[in-house]
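Engineer: After the structure tokens below, expect a handful of questions from me.
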Amino acid sequence: MEILDGKKISNQIKEEIAIEVNKMKAKGEKVPHLAAIIVGNDGASLTYVGSKVRSCERVGFESTLIKMPATTSEVELLNKIEELNNDEEIDGFIVQLPLPPQIDTQKVILAVDPDKDVDGFHPTNFGKMALDMSTFIPATPFGILELLERYNVETQGKHTVVIGRSHIVGRPMSILMGRKGWPGNSTVTLTHSRTKNITQIISQADIVISALGVPHFLKAEMVKDDAVIIDVGITRVPDETKERGYYLTGDVDFENVSKKASYITPVPGGVGPMTIAMLLKNTLLARERHRSKA
Ligand code: GUN
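Under UniProt numbering, think of the first position of the sequence shown as 1, with each following residue one higher.
Here you go:
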């Protein structure tokens with residue numbers, strides 16, 4: 001069994017990005033600038049966005065964090081998005097999800113300029129991804145592809161079972177794993193809450209990508225020997241013995257599943273840090289595209 005070490009690989013990617021940023025600086029060019037909007041006070045979202053912004057600083061990007069109150073109206077958020085769309089200083093930006101209930105997430109996704117949509121959530125970018133055109137690939141699926149690639153994991157002809165059909169992870173992942181090329185060329189089954197016989201389907205998987213958010217859902221007896229296990233779940237479980245008041249856990253019973261797997265991602269330290277690294281990569285790509293257009 002080999003650990004797919006997202007922490008190590010994400011640090012390598014950040015070093016590679018920092019080298020590119022240094023080259024830009026040496027030539028006197030503008031460095032990439034990422035902005036992140038967060039609406040409300042959800043603890044996990046604030047932590048994620050905080051680490052996205054800190055990572056920008058570490059690789060030499062400019063970054064802007066825009067915190068808006070939980071009571072923000074849809075119009076106020078759309079106005080802020082329009083401001084960022086028109087701000088030439090900003091190369092890419094994200095609106096952290098989920099949003100408070102008074103805001104229509106679909107309207108928000110549609111409002112982001114596709115050229116600055118480093119999350120890859122806009123239909124233009126999502127459609128390009130599905131059609132194998134060059135675009136921003138959503139950071140979490142992009143990070144999973146990158147991990148598979150850097151560890152030389154065979155995906156061709158394999159049966160990949162994706163658990164969860166969210167627009168952020170499961171749906172794009174199912175498209176990407178079935179694309180021509182590597183990583184890809186997989187036969188994909190996308191499973192979700194209405195799937196019948198889910199355990200039977202999972203037991204046939206060569207590669208399991210779980211993005212469910214149910215702690216310890218995936219047990220050793222559910223997976224094939226030598227399966228590749230990608231755990232996207234990251235749930236805060238209350239624990240008063242911890243200083244933070246919780247611990248983080250994935251969808252996978254790591255202790256037991258790891259004994260059967262050929263490759264497995266840990267939580268934390270697997271997919272999570274890769275998401276941030278790939279967001280930075282998309283922001284670098286956005287800067288390069290803006291420069292070549294200017
Ligand atoms: N919420 C959970 N994951 C993500 C992500 O990758 N991007 C944004 N914008 N929100 C998220």
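All residues carry an ideal CB built from backbone N, CA and C; glycine is no exception. Owing to the predicted nature of the structure, the values given are computational and were not obtained by experimental measurement.
Where does residue 34 sit, in a helix, a strand or coil, going by DSSP?
Structural biologist: Mapped onto the sequence shown, residue 34 falls at position 34. The answer is strand: DSSP assigns residue 34 an E or B state.
Engineer: Is residue 135 buried or exposed, if buried means 16 or more other CB atoms sit within 10 Å of its CB?
Structural biologist: As a first step, residue 135 is located in the sequence shown; it is residue number 135 there, counting from the start. With 16 or more Cβ atoms within 10 Å of its Cβ, residue 135 is classed as buried.
Engineer: How about residue 97: is its Cβ closer than 6 Å to a heavy atom in the ligand GUN?
Structural biologist: If you number the sequence shown from 1, residue 97 lands on position 97. Correct: residue 97 has its Cβ closer than 6 Å to the ligand GUN.
Engineer: Between residue 183 and residue 143, what straight-line distance do the alpha-carbon atoms span, to the nearest angstrom?
Structural biologist: The count along the sequence shown starts at 1 and reaches residue 183 at position 183. The count along the sequence shown starts at 1 and reaches residue 143 at position 143. The C-alpha of residue 143 is placed about 12 Å away from the C-alpha of residue 183.
Engineer: Can you give me the Cβ contacts of residue 155 inside the same chain, cut-off strictly under 7 Å, excluding the 5 residues immediately before and after it?
Structural biologist: Within the sequence shown, the letter at position 155 stands for residue 155. So the list reads 148, 177, 182, 183, 184, 185, 186, 207, once near-sequence residues are dropped.
Engineer: Using only CA atoms, which one of 191, 153, 145 lies nearest to residue 166?
Structural biologist: As a working mapping, residue 166 is identified with position 166 in the sequence shown. Of the listed residues, the one whose Cα sits closest to residue 166 is 191.
Engineer: Quick check: does the Cβ of residue 168 come within less than 6 Å of any heavy atom belonging to the ligand GUN?
Structural biologist: Your numbering for residue 168 matches position 168 in the sequence shown. For the ligand GUN, at least one heavy atom lies less than 6 Å from the Cβ of residue 168.
Engineer: At the 7 Å Cβ level, is residue 270 part of the contact set with chain D, yes or no?
Structural biologist: No chain D is present in this structure, which holds just one protein chain.
Engineer: Counting pairs of beta carbons, one from the stretch 249-261 and one from the stretch 26-42, are three or more of them closer than 8 Å?
Structural biologist: At 8 Å Cβ cutoff, the stretches do not touch.
Engineer: In the DSSP output, what is residue 237 paired with across the bridge?
Structural biologist: The sequence position of residue 237 within the sequence shown is 237, counting from 1. Beta-bridge pairing by DSSP links residue 237 to 247.
Engineer: Identify the continuous alpha helix (DSSP H) that holds residue 159 and give its terminal residues.
Structural biologist: Your numbering for residue 159 matches position 159 in the sequence shown. Unbroken run through residue 159 is the beta strand (DSSP E), 159-163; no alpha helix (DSSP H).
Engineer: Kindly identify the DSSP beta-bridge partner or partners of residue 93.
Structural biologist: Residue numbering aside, residue 93 sits at position 93 when the sequence shown is read from its first letter. 35, 117, per the DSSP bridge assignment.
Engineer: Would you list, in sequence order, the uninterrupted beta strand (DSSP E) runs of no fewer than 3 residues that lie entirely inside the stretch 41-93?
Structural biologist: 62-68
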